[in-house]
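Enquirer: Each residue of the sequence shown is one higher than the last, beginning at 11 in this note's numbering. Note that CB positions come from ideal geometry on N, CA and C, so glycine has one too. The structure displayed is predicted, hence computed values, not measured ones.
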Amino acid sequence: MKKTLFLRVFSGYAAVIVLLAAAVTLFAPPLMRKHDIEERASALEHMALLLEAQVIPYLTGSGAGDLRGIVAAVSRQTETRITVIDAAGNVLADSEKEARDMENHLYRPEIQASLQGEKRMSIRPSSTLKQEMMYMSVPLMVSGRVVGALRLSLFMKHIEALLATLRGEFLKVVGLVTLFALLIAFFLSRSVSGPVREVIDASSRVAAGDFEVAVSTRRSGEFKNFGQSFNTMTGKLKTMFSEIRMKNEEIN
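1) In three-state terms, what does DSSP make of valine 81?
2) Rounded to a whole number of angstroms, what is the C-alpha to C-alpha distance between leucine 3 and alanine 31?
3) Would valine 148 pass as a contact of leucine 164 if the rule is Cβ separation under 7 Å?
4) Report the three-state DSSP secondary structure of arginine 215 (helix, strand or coil).
5) Grouping DSSP H, G and I as helix and E and B as strand, with all else coil, what is leucine 162?
6) Determine the direct distance from the alpha carbon of threonine 188 to that of phenylalanine 251, and round the result to whole angstroms.
7) Going straight from the alpha carbon of glutamate 113 to that of glutamate 128, what length do you get?
8) Can you check which of these residues, Ala195, Gln87, Arg255, Ala82, is closest to leucine 17 by C-alpha distance?
9) For a test of the three-state rule: what should DSSP assign to valine 223, helix, strand or coil?
10) What is the residue span of the alpha helix (DSSP H) that alanine 123 lies within?
11) Between isoleucine 27 and alanine 191, which are expected to be in contact by the criterion C-beta below 8 Å, what is the C-beta distance as a whole number of angstroms?
12) Would you mind sorting methionine 243 into buried or exposed? The rule is 16 or more other CB atoms within 10 Å of its CB.
13) When the Cα of glutamate 108 is compared with those of Val157, Leu125, Ile169, Leu77, which residue comes out closest?
14) Tell me where the beta strand (DSSP E) around leucine 150 begins and ends.
15) With burial defined as no fewer than 16 other Cβ atoms inside 10 Å of the residue's Cβ, what is the status of phenylalanine 36: buried or exposed?
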């Protein structure tokens, strides 16, 4: 009975804690991944806006200097692959490969969207690097006319590696919080089952005729009131039985 009462209370707390921990573990990592990808896509978009002014002159024929040198320098600083494509889909410069060695990009989904005046983010395998990448492509416009596209990309393996590290740290935190919550549940269960167990033991002694028993009133709240009421009851029972005993003795 004693163990059963404690286990019932504790198992209820533990079930709720474990279910919450499982739900957080199941749903939080995908949300973290989605948020991280959105943040990186936004960062790539802002980077593209900063590069537009340097790249557009090369698409209109007024640019001077080495376009590949410009995108390669920015790529090294930001660890981002940068590709400049003209309105026909031809690669003018790429930070990873020579433009002359690259095929026409007109039918790449993000490039098609940008040549139609739209920004587009996509995650797909690279046909040149043979690795999954995140692409952010923005249109390059002059006087309201699309003259090309600027595409920035990141290796997904780097993103996934960082997310794996974050997931590992997250799971550690969830595990520690779960253990701490179970520890609190253990003491809460004892604080609930302890007074009830004490009253059950005291009631058994009263039923056996021991009216000297008393329960602790050092607790607070309802348990204190319950203890005081129980002690008052046993005191009255003791007085009542004493009176009955005296009357019996007088009758005898």
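Expert: Reading off the structure:
1) Numbered from 1 along the sequence shown, position 71 holds the residue referred to as residue 81. If DSSP states are grouped into helix, strand and coil, valine 81 belongs with the helices.
2) Outside the displayed span of the chain (11 to 262) sits residue 3, for which this structure offers no information.
3) Reading the sequence shown from its first residue, position 138 is the one you call residue 148. Reading the sequence shown from its first residue, position 154 is the one you call residue 164. Contact: no.
4) On the sequence shown, position 205 is the one that residue 215 refers to. Three-state DSSP puts arginine 215 in a helix.
5) Numbered from 1 along the sequence shown, position 152 holds the residue referred to as residue 162. Leucine 162 falls in the strand class under three-state DSSP.
6) For the purposes of this step, residue 251 is taken as residue 241 along the sequence shown, with counting starting at 1. For the purposes of this step, residue 188 is taken as residue 178 along the sequence shown, with counting starting at 1. Spanning the two alpha carbons is a distance of roughly 52 Å.
7) Along the sequence shown, one-based indexing puts residue 113 at 103. Along the sequence shown, one-based indexing puts residue 128 at 118. Taking the straight line joining both Cα atoms gives about 22 Å.
8) Here residue 17 refers to the residue found at position 7 of the sequence shown. It is Ala195 whose Cα lies nearest to the Cα of leucine 17.
9) To locate residue 223, count along the sequence shown from 1; it is residue 213. Coil.
10) Counting from 1 along the sequence shown, the entry for residue 123 is found at position 113. Where alanine 123 is concerned, the enclosing alpha helix (DSSP H) stretches over 119-125.
11) Along the sequence shown, read from residue 1 onward, the residue named residue 27 stands at position 17. Along the sequence shown, read from residue 1 onward, the residue named residue 191 stands at position 181. Rounded, the Cβ-Cβ distance is 5 Å, consistent with contact.
12) Position 233 of the sequence shown holds residue 243. Looking at its Cβ environment, which holds fewer than 16 other Cβ atoms inside 10 Å, methionine 243 is exposed.
13) Residue numbering aside, residue 108 sits at position 98 when the sequence shown is read from its first letter. Checked all of Val157, Leu125, Ile169, Leu77; the closest Cα to glutamate 108 is Leu77.
14) For the purposes of this step, residue 150 is identified with residue 140 of the sequence shown, where counting begins at 1. 142-152 is the extent of the beta strand (DSSP E) around leucine 150.
15) Here residue 36 corresponds to residue number 26 of the sequence shown, with the count starting at 1. Looking at the sequence shown, residue 36 is not phenylalanine but leucine. Per the 10 Å Cβ criterion, exposed.
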